[in-house]
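Student: Numbering (our numbering), first residue to last: 8 to 91. C-beta atoms are modelled at their ideal positions from N, C-alpha and C, and glycine is treated no differently. Sharing a structure, written as structure tokens. Questions coming.
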């Protein structure tokens, strides 16, 4: 069985949470990459940036939308609301 790509992993985890909850980028990193997840956080952040640009997710920091490529510190990922 082929493993889903990282975009699908992020979207599936976000969908499980629903539009009213968020997740830490480390969650898809841990589930997708296993014990070496820390080494792949740049991959997760870049994939999240692309999903945000495509309007699929919203990236926030302290509840405010941010650009994950330039944000320093912890961020959260959530599904983008319909029409939002």
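Are residue 36 and residue 64 touching if we call contact CB-CB under 7 angstroms?
Tutor: For the purposes of this step, residue 36 is taken as the residue at position 29 of the chain shown. For the purposes of this step, residue 64 is taken as the residue at position 57 of the chain shown. Their beta carbons are not under 7 angstroms apart, which means residue 36 does not touch residue 64 by this criterion.
Student: Considering Cα atoms alone, identify which of 88, 83 and 87 is closest to residue 29.
Tutor: Your numbering for residue 29 matches position 22 in the chain shown. Nearest of 88, 83 and 87 to residue 29, Cα basis: 83.
Student: Mind checking who residue 64 pairs with in its DSSP beta bridge?
Tutor: For this step, residue 64 is matched to residue 57 along the chain shown. For residue 64, which the question treats as bridged, DSSP gives the partners 86.
Student: Please state the DSSP three-state secondary structure of residue 21.
Tutor: Against the chain shown, residue 21 aligns to sequence position 14. Residue state, collapsed to three classes: helix.
Student: With a threshold of 8 angstroms on Cβ separation, who are the neighbours of residue 78 within its own chain once the five nearest residues in sequence on each side are excluded?
Tutor: Start at 1 with the first residue of the chain shown, and residue 78 comes out as number 71. Closer than 8 angstroms at the Cβ level, and outside the excluded window around residue 78, lie 66 and 68.
Student: Please name the residue, chosen from 52, 46 and 12, that lies closest to residue 81 on a Cα-to-Cα basis.
Tutor: Counting from one through the chain shown, the residue named residue 81 turns up at place 74. Residue 52 is the option with its Cα nearest to residue 81.
Student: Using the three-state DSSP reduction, which class does residue 72 fall into: helix, strand or coil?
Tutor: Reading the chain shown from its first residue, position 65 is the one you call residue 72. If DSSP states are grouped into helix, strand and coil, residue 72 belongs with the strands.
Student: Indicate the three-state DSSP secondary structure (helix, strand or coil) for residue 8 in the structure shown.
Tutor: Within the chain shown, the letter at position 1 stands for residue 8. Bear in mind that the predicted position of residue 8 carries a pLDDT of just 41, short of 50, making it unreliable; the figure below should be weighed with that in mind. It is coil, neither helix nor strand.
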